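Visitor: Residue numbers (our numbering), protein chains in the order written: chain E, 1 to 277; chain C, 278 to 554; chain V, 555 to 831; chain Y, 832 to 1108; chain S, 1109 to 1385; chain L, 1386 to 1662.
(1) Counting contacts by CB-CB distance shorter than 8 Å, is residue 1620/L in contact with chain V?
(2) Measuring CA to CA, which of 250/E, 219/E, 254/E is closest to residue 227/E?
(3) Inspect the beta-carbon positions of residue 382/C and residue 154/E and report whether they are closer than 8 Å.
(4) Could you give the residue range of the beta strand (DSSP E) that holds residue 1451/L?
(5) If you run the structure through DSSP and keep just helix, strand and coil, what is residue 747/V?
(6) Which one or two residues does DSSP pair with residue 833/Y in a beta bridge?
(7) What's the gap between the Cα of residue 1156/S and the Cα of residue 1120/S?
(8) Drop a sphere of 10 angstroms on the beta-carbon of residue 1174/S, count the other beta-carbons inside from all chains shown, and report buried for 16 or more, exposed for fewer.
(9) Buried or exposed: where does residue 440/C fall if 16 or more other Cβ atoms within 10 Å of its Cβ makes it buried?
(10) I'd like to know if the stretch 1422–1438 of chain L and the stretch 1492–1500 of chain L are in contact, where contact means that at least 3 CB-CB pairs between them fall below 8 Å.
(11) Figure out for me which residue from 924/Y, 870/Y, 836/Y has the closest Cα to the Cα of residue 862/Y.
(12) I want to see whether chain E comes within less than 8 Å of residue 710/V, judged by CB atoms only; does it?
(13) Beta-carbon within less than 6 Å of residue 958/Y's beta-carbon, same chain only, minus the 5 sequence neighbours each way: which residues are those?
(14) Please check the pair residue 1584/L and residue 1132/S, which I expect to be a contact at CB under 8 Å, by giving their CB distance rounded to whole angstroms.
(15) Should residue 1052/Y go down as buried or exposed, given a rule of 16 or more other Cβ atoms within 10 Å for buried?
(16) For residue 1178/S versus residue 1149/S, is the C-beta distance shorter than 8 Å?
(17) Taking the C-alpha atoms as reference points, what is the distance between residue 561/V and residue 691/V?
(18) Please confirm whether residue 1383/S has its beta-carbon closer than 8 Å to some beta-carbon of chain E.
(19) Less than 8 Å between CB atoms is the rule here; does residue 798/V satisfy it with respect to chain B?
(20) Go to residue 1526/L, then tell me how far its alpha helix (DSSP H) extends in each direction, as first and last residue.
(21) Residues of chain C with CB closer than 8 Å to the CB of residue 1113/S, please, in chain order.
(22) Please report how far the alpha carbon of residue 721/V lies from the alpha carbon of residue 734/V, in whole angstroms.
(23) Taking the beta strand (DSSP E) that residue 225/E belongs to, which residues open and close that run?
(24) Return the residue from the list 1382/S, 1385/S, 1378/S, 1146/S that minimises the CA-CA distance to residue 1184/S.
(25) Determine which residues share a DSSP beta bridge with residue 85/E and list them.
(26) From residue 1586/L to residue 1576/L, what distance separates their C-alpha atoms?
(27) Please list the segments of the alpha helix (DSSP H) lying wholly inside the stretch 169–216 of chain E, counting only runs of 4 or more residues, in order along the chain.
(28) List, in chain order, every chain Y residue whose beta-carbon is nearer than 7 Å to that of residue 367/C.
(29) In chain order, which alpha helix (DSSP H) runs of at least 4 residues are fully inside the stretch 1615–1642 of chain L?
(30) Flag residue 1164/S as yes if its beta-carbon sits less than 8 Å from any beta-carbon of chain C, otherwise no.
(31) Any heavy atom of the ligand GTP inside 7 Å of the beta-carbon of residue 1635/L?
(32) Any C-beta of chain L sitting closer than 8 Å to the C-beta of residue 573/V?
(33) Taking 8 Å as the CB-CB cut-off, is residue 615/V touching chain C?
(34) Closer than 9 Å by beta-carbon distance: list the chain E residues that pair up with residue 777/V, in chain order.
(35) Tell me the DSSP secondary structure of residue 1157/S in three-state form.
(36) Among 144/E, 217/E, 100/E, whose alpha-carbon lies nearest the alpha-carbon of residue 240/E?
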């Protein structure tokens, strides 16, 4: 969950990017003392995610603005429903509106897309996992949205876990060596995952002593074979070219996790509007 | 075009977000003095955008890394084509890879989507315009990508132009008043745009003395009428619910600009990979 | 108007510059719990500008300090009049005093000088305009002070409008070309101003399709001729060597705006003192 | 002398303030690869100050720009003389020009004014001293300019010395007490100055054991009496209402230092232009 | 290993803290163009750690300073030996000296102390582990020094691993619950460690499914019993009141890791001087 | 005394360093609305220093946390005594605990060590002085702790006083020259200290007109001779190889100050724990 200082800074930077030397329109037209209320309305069905972040944008810009969430994170807001009420200085609501929506619509979009993947594998053991293919600066918000949508988080960044990929294996002269080098060097509390592109590599990774094996771009037949070989000794993640059409088939191979880059790099923004009343 | 200090800071922040206390995998496995080369390859057809930003990520992380763009911004890279060569310290190429791709894939995705809209209106006078519905922190890169894709830029932020919307009109007690308040207050060099939702408002905006009129959520019949009434006296922008299916019909009403929020808030990332050789 | 985050940061930086590792005098001598009141007094006649910024310095340093403006921005405070009352922790009032005055005296000085220029052209159509010749870091405060003094603002920075100067014209190979290049490239909402040093250039600028023409270092006879030729089709700005002695004569040529660099680069600080009681 | 990191940051911030989302004019008109040269020319007589800072602005913006100072700090440049040559990327020279001049013109203006005060007291023992009445953010540059103009620096900020003013004396219950409190509390290397408004206070300050006595708003007769009483035991500073007309008379009272707020708060910018050739 | 941007910022901040408005002594006395050489000399035996960080301080302050490490990290420098040569601008060497030594002496001190613990357990299976009891701002440098001294790193921060302590257990209503809550919530790649203060808790932690068990403040008899019960199923860390006198006895209980807060919170600085020649 | 903005920033940075992308343990286990209380307890005798800084860490992280100091700075807390009570959101207390203790334990450790030196010289005129051998980033807190322990502060940084060392003397061509150069260049309010390694140099320093003489690495016989020669005309500081064993003997030579680097570079952290109840 994004830490509060970081959230505040992210919001301040976003407001600064949009406002710059001033919201010239609103400053010239809307009087300083005008107050009012606004409703955030879902324009199509969406899983709500980041509702408190949405409110925080207004509060960061003007701590006297009153924000009341009608929906909680994880709930489904149907088209036309009010998801939040905002009231206070009209000037500041208008000025902060676009930034607040830009963040919130993105988070809702990600949660909604994640939720479709989660639904698609319902009944299997597989969990939907995010990746590091996130928007620069927004990783933690995007990963929060994935969790809100029912998914799980892979490592937060390069510092948060070991993932030994093909290039690392080549550089180390083999999986066994790579795992050994890592074990001697990393903080005690990090797990080691190895990317394997065939059963051979799965076997080597397993005997090298890793904690997680990633089946990289295998077809489902190969995945089944790998899962059966591993047999619960370590966790198994499927990765590569996962879509809503094939995710269930992958889940049914028995893998523990399925990672989907599209959750964060290609989700459409949810359609949400602010109506001033 | 994004200013160089700002680009550098954006890249440093993105690297910091991903690397944090260190790329524990690469540090443990890849030796300090190992060098190598990598190729960035388009995995599906894409308009290239941000190729120099892509290279800058590597150079910011290690100024000795050599980056050579094969494609220039605005060119079409077809599936399988190499878009850039990177060579130098293998450690640093691997560590910076994800951040570089995250930015570049997003910019290419936006340019590619923009280009489809631009193609759709080819032969008309209408220009495709972006909005402020951008990702917090990335606005200037995203607006650059829109231009690379053949689109035009609306104002950069709230500071960069006047757009009088319905709420402002209400607050001012009418369009005439709103325009007058603004004229007395804003920097000399900013234009004034007024949002109009019907012909009545178009007429009032015109006589109030604005520079641009936005036809907000009108149907194409209404747009035609408005365009004909305005008759070239000010610029005309169409806005609201624009899709690839209806954009040409809108363009044929004779509007000067059509703004499309989806260009930046809902473009899918282009599929680009780094292959180490 | 300076945005609130930016103002806060500016004040914090200014306080940090002056206080550094501590106000060693006050810390050693004035007890932590001592409270008191202070009056800000005009030591000579001045147009008040930045009164709320003045108060904000104290509030930023200690949010419990009570600040009460006696004069509003734009009013004339005569010699000896109290412009504001400050009360609260004596330590913090003494420590913040100099920074608060340094900013406030500068703003009042600028407003007062601007006001003299505005008075000088009273009865004509000309407006007094500022320039980008401002103090690094203080541009928005200084431009606010110009407005408080009755002047108007030119563009806020290089990003906020197009001003095609001689060097740009040379680089583009003529005014017509320069204007054309710009029109295809800039955000929709920015106006285009062209610098012209004779009637020839005025004519070319006009037919190239600019929004504003700057008459650069022309004498008043040339200005009159230019104004008459332009005849209201675009706005006209006079620029170069404007002083209090010649500003009225310039205004009477019929130009719309007269820009004066001295407003911000050479105003004397107003004389204001803080008296502790 | 301003420290190099601080100078770099100050310049970057100033460039960012002016450039914001981009120098839209220059980007659209001047080609990326165009190079050229510019000359900085004094438009009236000025003491040169900050010539290297001036050059640093261009180098910070583009480290490949070539800057050659023709005059050194402290020299007099007469009207029409070239003070520096700049060559390199035309785009970047044009974009950085205004910020470079804004800083340089201010520093030259301060040095020139300081120099007039220094000339006025030539032949006496008195040194001209600056104050803390500087522009927020520019203190060190302004104090450097004072030294370049022949003046001396008072404390750099509240952290850099003790100055016990009337309010401190009241709070401490007398000069003797104030000095004693300070002596027990401050870093070993700081001197203690006491403000005295009459001979009585001068006597008390002297026996309390201070290092410097400031004669605050005394007339010259009182100053002479104080100087004679102090008789070289501590340094003496005259302060308050110093002008070019009365500074010599004050100097002739025998004081060691005369502080002049106007040096930094009310100097006019020097008139310097950049001519592109 | 500390990331390069972070190291640079840390050094810049440290230089700024010490230099502030300038090294007034050196600026006044040492000429700008004076060059010279300095030797860093061990004044007592020390394990060298941070030698490249030491050099980086000089290079950050002046990239032309030449730094040549004579010893590499991890080597023992005996009293009187030269550990590095520095040459270049004398001004900048003198100004940066104290900050460079402050960091380097601290890192060497930590590595030296760590090394004594590592020596004390030589021949056992136990590894010496650091904690989060580090100096604010210096954690990564201090953890690097621990590794240089032969120790291992525990988690880098609260984000880098799960450590369920007594308070968490109470809050969750027992170890089993706590582990279960965590497993559903954390990033895939983080291990889970549980603090156990007796055999009962060890058993519960083991069956709850953790990856590491910390034996908290147990005596060595209890530790032996716990190690024997756990029997290699998960890793075991001993913690609490570890000193150079008792560390071997603890190591001989068979634990995998022994964490020692004193490594970072109570190491004495190594004695190293810079001699200018 | 550390300035409040600086303290806040230091605390925020320290929290960010430890928390990073989140306290994954506490977030997963401790519910958002759980409140509780904690006691900070001295685990061995310690002089309390930084008690308000300790509390500020919790308040910075969550302004609703209630902090009540039981001991004031400078008091002796005996083993087992409660030094402060903290109550509020349990999540935030647990997350901020380590950072709060890391700072507080360091400050108490320094004050306690300083106090032992101060006790050792009790009855003499000598004051115990700190140095610039502090931890990067923590200088002001460490110097505050020295004062709390009964010591005095030397200059805050290179900007806060002149200390002419051997290298400066060589560069200037002798003490007399060095002092003269400095006098002409530095801010009015800074004292000048000269390092002397024998009586010869003491004499030269005295006639050159310095304010303080540092006796560098002299034996006590030499110190006595120097003190007797100086005879109160300037202050005298003893420096070099001071330990608890020899500090009294040094004090009895009659020097005014004895500086001890170990106060800040080699103090052990005080042993303080937070017990949740």
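C-beta: ideal position from N, C-alpha, C; glycine also. Given the structure is predicted, the values throughout are model-derived calculations rather than measurements.
Guide: The structure says:
(1) no
(2) 254/E
(3) no
(4) 1451–1454
(5) strand
(6) None, per the DSSP bridge assignment.
(7) 23 Å
(8) exposed
(9) buried
(10) yes
(11) 924/Y
(12) yes
(13) 983, 1088
(14) Their Cβ separation, rounded to whole angstroms, is 27 Å, which puts residue 1584/L and residue 1132/S out of contact at 8 Å.
(15) exposed
(16) no
(17) 10 Å
(18) no
(19) This model lacks chain B altogether, as its protein chains are E, C, V, Y, S and L.
(20) 1524–1533
(21) 289, 292, 293
(22) 16 Å
(23) No beta strand (DSSP E) contains residue 225/E, which is instead part of the alpha helix (DSSP H) from 220–230.
(24) 1378/S
(25) 39/E, 68/E
(26) 18 Å
(27) 175–183, 199–208
(28) In chain order: nothing, as chain Y lies at least about 28 Å away.
(29) 1632–1636
(30) no
(31) The model depicted lacks the ligand GTP and carries no ligand whatsoever.
(32) yes
(33) no
(34) Going along chain E, no residue has its Cβ under 9 Å from residue 777/V, so there is no contact; the nearest lies around 29 Å.
(35) coil
(36) 217/E
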